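Worksheet: one structure, shown below.
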Amino acid sequence: MATSLIGGLLGNGWAVNRICVADPAPQRRRAITQRFSVTAFADNGNVVENANIIILAVKPQMMKDVLTPLAVPLQQYQPLLISIAAGVRLHSIENWGGGRLPTVRAMPNTPALVGAGASGLYANSAVTDAQREAAESILRAVGTTVWLDDESQLDTVTALSGSGPAYFFYLMEAMQQAGTDLGLEADTARLLTLETALGAARLALQEQESFADLRRRVTSPGGTTESAIAAFDAAGAHDTVIAAVDAARRRSEELAKLLDEL
Ligand SMILES: NC(=O)c1ccc[n+]([C@@H]2O[C@H](COP(=O)([O-])OP(=O)(O)OC[C@H]3O[C@@H](n4cnc5c(N)ncnc54)[C@H](OP(=O)(O)O)[C@@H]3O)[C@@H](O)[C@H]2O)c1
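Rendered as structure tokens:
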């Protein structure tokens, strides 16, 4: 995720000398320096001294160990923190970071790797308007952003767009199999499935109509699509999707509670 953000920022015209990185692993630092020509430190403290915006891109379970030794310099320099760690609540970041800090929590998703991510953002009240704009422009470097009114909505964002790519892969997997079961070559079924997914998303982005209206537009009475939708409905597919997203949201809440107890 960190390398995607660096790539996105450089691609959006950020100067190399505006970005620095800290990672304890020498091979990671070498790889990042070679790929992006940014400065890479072994010690996270060097970043706190050098940056007015810090992106926390470690695994959630690492966050306590990363922030606790930085509490004193963080309180001294008061940088804007942007945490992309799933499930790490603002109050935990405050506890481990030595007190209140301007902090934005962001939940991106894996299409950020190709600049087509979707991120939900939530800022605490210490974040200024200029810092909100800065956080948004950083996440926009890898895709679309939306601001949330309440931190708890990040659990829903995690369930919808965070895990969402996997739902589409699941549907695409089934569609490819249907194509091959019904006589197409696997490569042909894959390509047709992929281009259909991409084309449907692009069409929906361009048109103002609701998803339901777009679907109705390709569902002629008595036609093939109507037969397929009837089969989906008979299997309760619509309600299953809603239940699946809710299951992911509940799991996100449970995982966040476990992180709270670290
Ligand atoms: N991947 C996703 O789709 C996704 C989506 C939304 C949010 N996120 C969040 O993004 C965060 C990063 O995920 P990722 O998939 O990019 O994980 P990742 O590939 O494991 O990246 C984490 C990086 O942090 C480094 N690191 C470990 N300990 C550190 C320390 N003490 N100080 C500084 N750096 C340290 C790791 O180095 P080593 O490899 O050397 O340990 C690694 O380079 C996670 O919190 C995740 O919840 C990910």
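Heads up, the sequence shown is in my numbering, so the first residue is 8 and it goes up one at a time.
Virtual Cβ for every residue (Gly too), placed ideally from N, Cα, C.
Every value quoted in this text rests on a predicted model; they were computed, and no experiment measured them.
Quick one: give me the first and last residue of the beta strand (DSSP E) that L88 is part of.
Working through the sequence shown from its first residue, we reach residue 88 at position 81. Taken as a continuous stretch (DSSP letters only), the beta strand (DSSP E) holding L88 covers L87 to S90.
What residues are listed by DSSP as bridge partners for Y129?
The sequence position of residue 129 within the sequence shown is 122, counting from 1. R112.
Report yes if the CB atom of L97 is closer than 9 Å to the CB atom of T117, and no otherwise.
Here the question's residue 97 lines up with position 90 in the sequence shown. Here the question's residue 117 lines up with position 110 in the sequence shown. No.
How long is the line joining the alpha carbons of V45 and A207, rounded to whole angstroms?
Here residue 45 refers to the residue found at position 38 when the sequence shown is read from its first residue. Here residue 207 refers to the residue found at position 200 when the sequence shown is read from its first residue. Straight-line Cα distance between these residues: approximately 38 Å.
Considering Cα atoms alone, identify which of T232, S259, N19 and G14 is closest to E158.
The sequence position of residue 158 within the sequence shown is 151, counting from 1. The shortest C-alpha separation from E158 is found at S259.
Looking at ligand 1, does it come within less than 8 Å of A208, judged from the CB to the closest heavy atom?
In the sequence shown, counting from the first residue as 1, residue 208 sits at position 201. Incorrect: A208 has no Cβ contact closer than 8 Å to ligand 1.
Near Q183, which residues of its chain fall below 8 Å by C-beta distance, leaving aside the five closest residues on each side in sequence?
Locating residue 183 in the sequence shown gives position 176, counting from the first residue. Closer than 8 Å at the Cβ level, and outside the excluded window around Q183, lie A193, A196, R197 and T200.
Tell me whether the beta-carbon of I145 lies closer than 9 Å to the beta-carbon of I89.
Stepping through the sequence shown from its first residue, residue 145 is reached at position 138. Stepping through the sequence shown from its first residue, residue 89 is reached at position 82. In this structure, I89 lies closer than 9 Å to I145 by Cβ.
Let me confirm a value: S132 is counted as buried when at least 16 other C-beta atoms fall within 10 Å, else exposed. Which label applies?
Within the sequence shown, the letter at position 125 stands for residue 132. Label assigned to S132: exposed.
Taking the alpha-carbon positions, what's the L265 to G15 distance?
The residue given as residue 265 occupies position 258 in the sequence shown. The residue given as residue 15 occupies position 8 in the sequence shown. Roughly 32 Å between the two C-alpha positions.
If you measure between the beta carbons of L178 and L155, is that distance less than 9 Å?
As a working mapping, residue 178 is identified with position 171 in the sequence shown. As a working mapping, residue 155 is identified with position 148 in the sequence shown. No, they are not a contact pair.
At a threshold of 8 Å, does R223 count as lining ligand 1 (C-beta to nearest heavy atom)?
By one-based count along the sequence shown, residue 223 stands at place 216. No, Cβ of R223 sits at least 8 Å from all heavy atoms of ligand 1.
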